Amino acid sequence: MRITLTVNGVQRTVEITPDMRLLDLLRERLGLTSVKEGCSEGECGACTVLMDGKAVTSCTVMAFQAEGSDILTVEGLGDGKTLDPLQQAFIDHDAVQCGFCTPGMLMAAKGLLLRTPAPTEEEIRVGLSGNLCRCTGYLPILRAVSEAAKRGSDDAR
Amino acid sequence: MRADRPRTLEELRRILRGGGEELRLLAGGTDLVPSLRTHPERDLHLVDLSSLEELRVLRIEGDRLEIGSAVTFDELERSFLVRTHARALAAAASQVGSPQIRNRGTLGGNVANASPAADGIPALCALGAAVVIEDEDGAEEILSVEEALPLLSERSVGVRRYLRSFRIPLRRSSWSDFAKVGSRRSVTISKLNLALAGCVEEGRLRDPRLFVGAVAPRPVRALEAEAFLASPDRSAEARTAFLDALTALVERTIPARASLPYKRRAIRGLGDELWTRLEEVRA
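Just so you know, the sequences run in chain order A and B.
To convert, note that position 154 of the first sequence is 617 in the working numbering; the numbers rise steadily by one, no gaps.
To convert, note that position 212 of the second sequence is 1324 in the working numbering; the numbers rise steadily by one, no gaps.
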C-alpha cells in the first residue's frame, strides 16, 4: 500500500506494508536513523517523534495510521546550518552521554516546548516522564530543556 | 495482514460488513501495536478508527457530556468540559502512561481493551457513564459501562461492532475524583485505583458511587464504604470506618491472592486521599 505524509517538512509518498510501524517506516524506508528502537512497547521513549506537533512513540503507531500526518524527527529539528536551541542546550549542558535516548529526549522536549514555551520544572519532568535515560541521571537533561526554554523566550522578546 | 483507514462511519460500516473474524479495530494503538509484535503469527485485518471525526466529538448534549470513543487521554486531561463535569475522568486520564501514550491512547481503546488495570474504566463507572455501541448497520445499543464491561472483557461485543461514544450524565453540584497507586510515582500501571463521584450539597455527599479498580477483572463497587461517605458524620471515627470498609472489600475480593497483604493496606492510602479531597469541598 502507498501513503503520503510530510516528514521533516517534505511531502513524501512511500510504499509500506500493512504490518509496518511508523518507526519501521522512518528508519527502514526513509533512513531516519535518529529514531531509535528501544523497548518496542511505548515504555522507553527512544523512538519518540512529533506527529502533528505532538510527541508519540513511533513503535506504537502503525505506518498506515500516519497517512496525511506531519512528522518531525531530529533530522528536521535544525535548519542544516544552525542547531535547534534544544540541541545546543543539550550540548552546552552535557545532557548527552551514550546518546541512545537523546533523539527521543529532544523530540519529547520539543513537543513540550511547542505547547508550553515556558514550562516549570515540574512540567519539564512530566514532559520527559516517558523517556528513559540510563546514563545521565536526568539532571543535565532537565537543565538543558530549562535553558532552551529560557533562550527561546529571550529570542521572542 | 490487511489494513484499512476509513474516513467516515459509513465507510467503516462497509468495511465491517465485508470483514471476518480477523477484523481488529485499532485506535491509538498503544496496547494493540506492541501485541502485534509479540504475536506475528496472527493474520489480522486492522481497521483504524483514530481519524474518524465522528468518533472525536467532545461536547454537551442536553443533560449529558458526550465523549467520542477516539478522544485521547491528552484531550480528556485538558478539556475544560471534562475537568468541570467529570473531574474523575480528567484525573484518571492525566495519570495514564506517559505524555506520548496520552497523546495517542483513547478512552474507547481503554474500555474496549478492558484491562483490569485500566484507569479510565473505574472513573466512567463512578460517573454513571453509558457507552453507545453501534453495529455494521449503524443500529445503536446503549448500555451502562458496568453492563458493557463483561461483554467487552469476554470479547462478546462482536467483531462487527464498534464503540461510538460515552455519555456522562450532567448533575447539579456534581463532584468526582480519582486516585491510583502503581509501582512508581508516574508512568505507571495501576496496582490499585479508586474513583468516586457524587453530588456535594449543603456539606454532604449525595448519591456517592465509589469503584475500586485493579482488584478484580472489572471495577468493584464499594457499597459499604459509600455509606460512610454519604453520612453527615465526618469524625475521625467515621473516616476509620470508611477505610475499614475498603480493606474489608479487598479482603473479600482477593482472599487468596499474593497481593492481598499489599492491597488491603494500599487501599487505605487511596481512600484517605479521596476522603481528604472530599473534606475540602464539603467544608
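Quick reminder that beta carbons are idealized off the backbone N, C-alpha and C, glycines included.
These numbers come from a predicted model, not from an experiment.
Could you work out which residue in B:R1276, B:S1162 and B:L1138 is closest to G1180 of chain B when comparing CA atoms only? B:R1276
If we call anything under 8 Å between Cβ atoms a contact, is A1337 of chain B one with S1302 of chain B? no
Leaving out five residues on either side along the sequence, give the residues of the same chain with a beta carbon under 6 Å from the beta carbon of A558 of chain A. P603, I604 and A607
For the 8 Å Cβ check, are there 3 or more pairs between the stretch 557-576 of chain A and the stretch 1210-1222 of chain B? Under the Cβ criterion (8 Å, minimum of three pairs), the stretch 557-576 of chain A counts as touching the stretch 1210-1222 of chain B.
In terms of DSSP beta bridges, what is E1246 of chain B paired with? B:E1252 and B:Y1274
Unbroken stretches of the alpha helix (DSSP H), 4 residues or longer, contained in the stretch 1152-1234 of chain B: 1185-1190, 1192-1197, 1199-1206, 1211-1216 and 1219-1225
Pull out every residue of the stretch 465-489 of chain A whose Cβ sits closer than 8 Å to any Cβ of chain B, in chain order. Under the 8 Å Cβ criterion, the stretch 465-489 of chain A contributes T480, P481, D482 and R484.
Members of the stretch 527-556 of chain A near chain B, C-beta cut-off 7 Å: Here the close residues are F527, Q528 and E530.
Thinking just about the alpha-carbon of each residue, which of A:G600, A:F563 and A:M514 is nearest to the one in L468 of chain A? Measuring from the Cα of L468 of chain A, the nearest candidate turns out to be A:M514.
Could I get the ranges of all uninterrupted beta strand (DSSP E) runs contained in the stretch 1280-1357 of chain B, with 3 residues as the minimum, in chain order? 1286-1293, 1304-1313 and 1316-1325
Would you say A1235 of chain B faces chain A, with C-beta separation under 8 Å as the test? no
Based on the DSSP output, what are the partners of K517 of chain A in its beta bridges? Beta bridge pairing from DSSP links K517 of chain A with A:M514.
Three-state class that DSSP yields for T467 of chain A in the structure shown: strand
May I ask you to list the residues that DSSP assigns as paired with D533 of chain A? A:T469
Have a look at B:R1273, B:I1280, B:E1258 and B:S1265 and flag the residue whose alpha-carbon is nearest the alpha-carbon of D1249 of chain B. B:R1273
Skipping 5 residues on each side, what residues in its chain have a beta carbon closer than 7 Å to that of M464 of chain A? I479, P481 and F527
Under a three-way DSSP split, which group does A1139 of chain B fall into? coil
Identify which residue in B:L1156, B:A1342, B:P1331 and B:I1172 has its Cα closest to the Cα of L1361 of chain B. Per the Cα distances, B:P1331.
Is the stretch 1259-1268 of chain B in contact with the stretch 1122-1134 of chain B, if contact means three or more CB pairs nearer than 8 Å? no
Give the straight-line distance between the Cα atoms of V519 of chain A and R1216 of chain B, rounded to the nearest whole angstrom. 7 Å
Could you list which residues in chain A have their beta carbon closer than 7 Å to that of T1142 of chain B, in chain order? G505 and T523
Determine, using beta carbons only, whether T511 of chain A and A571 of chain A come nearer to each other than 8 Å. yes
Can you grab the Cα-Cα spacing for the pair W1287 of chain B / L1317 of chain B, in whole Å? 9 Å
Within 8 Å, strictly: CB atoms of S1343 of chain B and A1334 of chain B: no
P1228 of chain B to A581 of chain A span [Cα, whole Å]: 38 Å
Does the CB of T579 of chain A have a neighbour CB from chain B at under 8 Å? Not one chain B Cβ lies under 8 Å of T579 of chain A.
Mind pulling the chain A residues with CB within less than 8 Å of P1211 of chain B? Scanning chain A for C-beta atoms nearer than 8 Å to the C-beta of P1211 of chain B yields A518, A571, G574, L575, V589, G590, S592 and G593, reported in chain order.
For I1366 of chain B versus L1372 of chain B, is the C-beta spacing smaller than 8 Å? yes
By the three-class DSSP mapping on this structure, what secondary structure does M589 of chain A have? Before going on, a small fix: residue 589 of chain A reads as Val here, not Met. Looking at V589 of chain A - three-state DSSP - the assignment turns out to be helix.
For M570 of chain A, which of helix, strand or coil comes out of DSSP? helix
Give the DSSP-derived three-state secondary structure of T1388 of chain B in the structure shown. helix
Determine contact between the stretch 1304-1315 of chain B and the stretch 1289-1296 of chain B, defined as no fewer than three beta-carbon pairs at a distance below 8 Å. yes
Which residue or residues does DSSP assign as beta-bridge partners of Q551 of chain A? Beta-bridge partners of Q551 of chain A (DSSP): none assigned.
Exposed unless 16 or more other CB atoms sit within 10 angstroms - verdict on K613 of chain A: The residue in question, K613 of chain A, is exposed, as its Cβ has fewer than 16 Cβ neighbours within 10 Å.
Contact set between G562 of chain A and chain B, taken where Cβ atoms lie within less than 9 Å: Those within 9 Å of G562 of chain A in chain B number zero; the least Cβ separation is about 20 Å.
Opening and closing residue of the alpha helix (DSSP H) in which A1260 of chain B lies: V1257 to S1265
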